[in-house]
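Novice: Sequence positions in the sequence shown follow our numbering and run 1 to 553.
Before I ask anything, let me first share the structure, which is written out below as structure tokens.
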Amino acid sequence: MYGWNTIRWKEAKRHEFKLQKRIYQASRRGDAGRIHRLQRLLASSRTAKLLAVRRVAQDNRGKKTAGVDGVKSLTPRERLLLAEHLSLSDHARPVRRVWIPKANSTESRPLGIPVIGDRARQSLVKAVLEPEWEARFEPNSYGFRPGRSAHDAIKAIHDGIKQKPKWVLDADLAKCFDRIDQAALLTKLNTSPKLRRVIKGWLKAGVMDGEELFPTTAGTPQGGVISPLLANIALHGLETIINEKIPRRRQVSPPKVIRYADDFVILHEERKVVEQCREIASQWLGEIGLELNEKKTRITHTLAATEGEAGFEFLGFRIRQYPAGKYNSDRNGHGQPVGCVTRIEPSPKTVKRHAEKLRETIKRHRAKKESELIEALNPQIAGWTNYYRYVVGHITFRKLGRMLFTRLYAWAKRRHPKKSKGWVVHKYWHVVGGWKFQSANGMRLRRHEDTYYECYVKVAGARSPYDGDLLYWSTRLGYHPKVPPRVAKLLKRQKGRCRECGQWFREGEAMEVDLLIPRKRGGTSALHNLQLLHDHCRYLKTVGETNRHDRCA
1 MYGWNTIRWK
11 EAKRHEFKLQ
21 KRIYQASRRG
31 DAGRIHRLQR
41 LLASSRTAKL
51 LAVRRVAQDN
61 RGKKTAGVDG
71 VKSLTPRERL
81 LLAEHLSLSD
91 HARPVRRVWI
101 PKANSTESRP
111 LGIPVIGDRA
121 RQSLVKAVLE
131 PEWEARFEPN
141 SYGFRPGRSA
151 HDAIKAIHDG
161 IKQKPKWVLD
171 ADLAKCFDRI
181 DQAALLTKLN
191 TSPKLRRVIK
201 GWLKAGVMDG
211 EELFPTTAGT
221 PQGGVISPLL
231 ANIALHGLET
241 IINEKIPRRR
251 QVSPPKVIRY
261 ADDFVILHEE
271 RKVVEQCREI
281 ASQWLGEIGL
291 ELNEKKTRIT
301 HTLAATEGEA
311 GFEFLGFRIR
321 QYPAGKYNSD
331 RNGHGQPVGC
341 VTRIEPSPKT
351 VKRHAEKLRE
361 TIKRHRAKKE
371 SELIEALNPQ
381 IAGWTNYYRY
391 VVGHITFRKL
401 GRMLFTRLYA
411 WAKRRHPKKS
421 KGWVVHKYWH
431 VVGGWKFQSA
441 NGMRLRRHED
451 TYYECYVKVA
461 GARSPYDGDL
471 LYWSTRLGYH
481 PKVPPRVAKL
491 LKRQKGRCRE
501 CGQWFREGEA
511 MEVDLLIPRK
521 RGGTSALHNL
531 QLLHDHCRYL
541 KTVGETNRHD
551 RCA
């Protein structure tokens, strides 16, 4: 393996994290000189370069996407050579333009795919800059940040409106990534001259669309490793400027700004204040080359239907309030019901899109075996229900379950047109904790209704993985919405550590479930026979076992 798999990754990660933690602490103190010295030390560190290459060429799930050079993957020897010669150059190769369709739209979203070498450099610079800005970012910023997710933003909205109905500015930015003013972004970065030149080179590299090269005078191309961090830096300060310009009043809470990437909402009790916030936000965004999308930006109320339907949609959820309580018909001085209840559920658009995707999957598998159909449907159902298990989704889950039964019955009836309804149902559905679609080999289809509501625990305040509280972040992964229940149980049992290297699991790292006793020796997939390992640790363990087997043979 040319030495790649003999690297002591445990020591390398520990070394990188120690420097990142020191950068975070220096940024919290406002010590710019120490920040720049530590960043130079980390950028020149061999361990940081090795980890940057491993993140983009081995750990990244989308690593086999080619840039303009056509290279999709690297061998262990090529990874080692890239890490040894990795340096921060002012020049960068153009990104390859890829168009992907937007959800609920006929338009396409442009992605810019850098070459693997530039991806590794961006990963290195991100590791250098992220701890500094994690200490500065506002507490209600949740998108593209380690340790935070869309569910944290939804929980923050729930906490902001549960006591009293609010007016909401549901804002959307027009082509945020494509229009960010590059000069304003570089000024806001306020980093060392070396890093400034490197980032400027990436921003000015250009885009290859087919055989044609287009210059990039504005924006940060989506698809780059560092682009989400740069977009967060550009949008940093919106919450602060609104709270500074809106005067505080007694018994009236200040406006609450909750941002996830380029989407944000502003909550307040008075419409006049929300309209004032809209003007402030529009003026502030203009300074960095952005503007509000007037077609998608609107002011609404969480309880009263003012302009159209009450409530709003955010990150695939529908958020609104309903009158509640014994005396909800009585009115107070503001003409509002005395009590209300907050309801957050999957938005109708996402439900429709999910249902259409299930129908298309069933249609594609009309002539396939039931086991192949179940194997295709289960990941779709599990991923969708796990995302919405932290809100009121049981009604939606039951509707989707009925729709899926109808489609599956039509699929089964098409295979046996001359058989009765009872015969078809008893062939494919079995009573195992409820009627479940099942194949001949015992594989069962996951039902939407089998996913139960769980209370989500929002990230505390301005916490960051770089603050050094690894126990908090490791145990928190067990409650993360993207972690499957089986993985969550293993995390709890292993107390947040990898069984192979003994290191803490950190957010965003690839994890694999491994068998303690292999199937060849009678091992099963029962929970007591499973362990959770890093993706690369599992690979090294498999290679070691294979080598031992060859020697014994």
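Glycine included, every Cβ here is placed at the ideal spot set by N, Cα and C.
Check whether the Cβ atoms of V53 and V125 lie closer than 8 Å to each other.
Specialist: No, these two residues do not count as a Cβ contact at 8 Å.
Novice: I'd like the span of the beta strand (DSSP E) that includes R259, first residue to last.
Specialist: Taken as a continuous stretch (DSSP letters only), the beta strand (DSSP E) holding R259 covers K256 to Y260.
Novice: Rounded to whole angstroms, what is the Cα-Cα separation between K204 and P101?
Specialist: Their Cα atoms are separated by approximately 25 Å.
Novice: Hey, could you find the ends of the alpha helix (DSSP H) T406 is sitting in?
Specialist: H394 to R415 is the span of the alpha helix (DSSP H), which, as asked, contains T406.
Novice: Under the DSSP definition of a beta bridge, which residues are partnered with P582?
Specialist: This structure leaves residue 582 out entirely; the chain is present only between 1 and 553.
Novice: Is it the case that the region 335-355 contacts the region 366-376, given that we only count it when at least three CB pairs across the two stretches are under 8 Å?
Specialist: At 8 Å Cβ cutoff, the stretches do not touch.
Novice: What residue from V207, T191, S141 and I258 has the CA that sits closest to R616's CA?
Specialist: The structure shown does not extend to residue 616, since the chain spans only 1 to 553, so no value can be given for it.
Novice: On the criterion of 16 or more Cβ atoms from any shown chain inside 10 Å, does K18 qualify as buried, or is it exposed?
Specialist: So K18 ends up on the exposed side.
Novice: Run the CB neighbour count on Q182, radius 10 Å, all protein chains shown included, and call it buried at 16 or more, exposed below.
Specialist: When all chains shown are included, Q182 counts as buried.
Novice: Return the chain-ordered list of same chain residues with a C-beta closer than 7 Å to the C-beta of P165, the five sequence neighbours on each side being excluded.
Specialist: Correct list, in chain order: H301, T302, L303, Q321, Q336 and C340.
Novice: Is L530 helix, strand or coil by DSSP?
Specialist: Here L530 sits in strand by DSSP.
Novice: Taking the straight line between their C-alpha atoms, what separation do you get for I180 and N293?
Specialist: Spanning the two alpha carbons is a distance of roughly 14 Å.
Novice: Expressed to the nearest angstrom, what Euclidean distance is found between the alpha-carbon atoms of R343 and I319?
Specialist: Taking the straight line from one Cα to the other gives about 6 Å.
Novice: Roughly how far, in whole angstroms, is the beta-carbon of L229 from the beta-carbon of R259, given that I think they are within contact range, below 8 Å?
Specialist: At roughly 14 Å, the Cβ-Cβ gap does not stay under 8 Å, so L229 and R259 are not in contact.
Novice: Just reading off the alpha helix (DSSP H) that I157 is part of, what are its end residues?
Specialist: Looking at the DSSP string, the run of the alpha helix (DSSP H) that includes I157 is A150 to I161.
Novice: Nearest to S141 by CA position, among G401, D263, P485 and W504, is which residue?
Specialist: Measuring from the Cα of S141, the nearest candidate turns out to be D263.
Novice: Using a Cβ-Cβ cutoff of less than 8 Å, which residues in the same chain neighbour L88 once the five nearest sequence positions on both sides are dropped?
Specialist: Here the set comprises A43, R121, L124, V125, K194, L195 and V198.
Novice: Report the three-state DSSP secondary structure of H334 (helix, strand or coil).
Specialist: The predicted position of H334 is uncertain, since its pLDDT is 43 and thus under 50; no value can be drawn from it.
Novice: Indicate the three-state DSSP secondary structure (helix, strand or coil) for H15 in the structure shown.
Specialist: If DSSP states are grouped into helix, strand and coil, H15 belongs with the helices.
Novice: Do you know how far the Cα of V274 is from the Cα of P254?
Specialist: Their backbone Cα atoms lie some 11 Å apart in a straight line.
Novice: Apply the 10 Å Cβ neighbour rule to C277 and answer buried if 16 or more other Cβ atoms are within range, or exposed otherwise.
Specialist: Buried: at least 16 other Cβ atoms inside 10 Å.
Novice: Run through the DSSP bridge pairs and tell me what R444 is partnered with.
Specialist: Note: R444 sits in a beta bridge opposite Q438.
Novice: List the residues that DSSP assigns as beta-bridge partners of Q321.
Specialist: Q321 is bridged to T342.
Novice: Out of D159, L530 and V225, point me to the one whose CA is closest to V128's CA.
Specialist: If we check each option's Cα against that of V128, V225 comes out closest.
Novice: Note down the Cα distance separating N441 from V424, rounded to an integer number of angstroms.
Specialist: Each residue's alpha carbon lies about 17 Å from the other.
Novice: Report the rounded CA-to-CA distance for K541 versus G496, giving the unit in angstroms.
Specialist: For K541 and G496, the distance between alpha carbons rounds to 19 Å.
Novice: Using DSSP with H/G/I as helix, E/B as strand and the rest coil, what is I226?
Specialist: Three-state DSSP puts I226 in coil, outside helix and strand.
Novice: Distance, Cα to Cα, L169 vs I242?
Specialist: Computed Cα separation, rounded: 13 Å.
Novice: In chain order, what residues of the same chain have a beta carbon less than 6 Å from the beta carbon of R96, not counting five sequence neighbours either side?
Specialist: Closer than 6 Å at the Cβ level, and outside the excluded window around R96, lie G67, V68, I113 and M208.
Novice: Just confirm the distance between the C-beta atoms of L38 and R22, as a whole number of angstroms; I'd bet it's less than 8 Å.
Specialist: So it is a contact: roughly 5 Å between Cβ atoms.
Novice: Taking Cβ positions, are V459 and D152 nearer each other than 8 Å?
Specialist: Yes.
Novice: What would DSSP say about D554, mapped onto helix, strand or coil?
Specialist: Since the first and last residues shown for the chain are 1 and 553, residue 554 lies out of range.
Novice: Quick check on this structure: which residue in E16, H15, F397 and I266 has the alpha carbon closest to the alpha carbon of P348?
Specialist: Of E16, H15, F397 and I266, the residue nearest in Cα terms is F397.
Novice: Within this structure, are the beta carbons of R486 and V513 separated by less than 8 Å?
Specialist: Yes. Within cutoff.
Novice: What residue does the alpha helix (DSSP H) around D118 start on, and which one ends it?
Specialist: Note, D118: alpha helix (DSSP H), I116 to E134.
Novice: Report yes if the C-beta distance between E345 and G393 is below 8 Å; otherwise report no.
Specialist: Cβ atoms of E345 and G393: closer than 8 Å.
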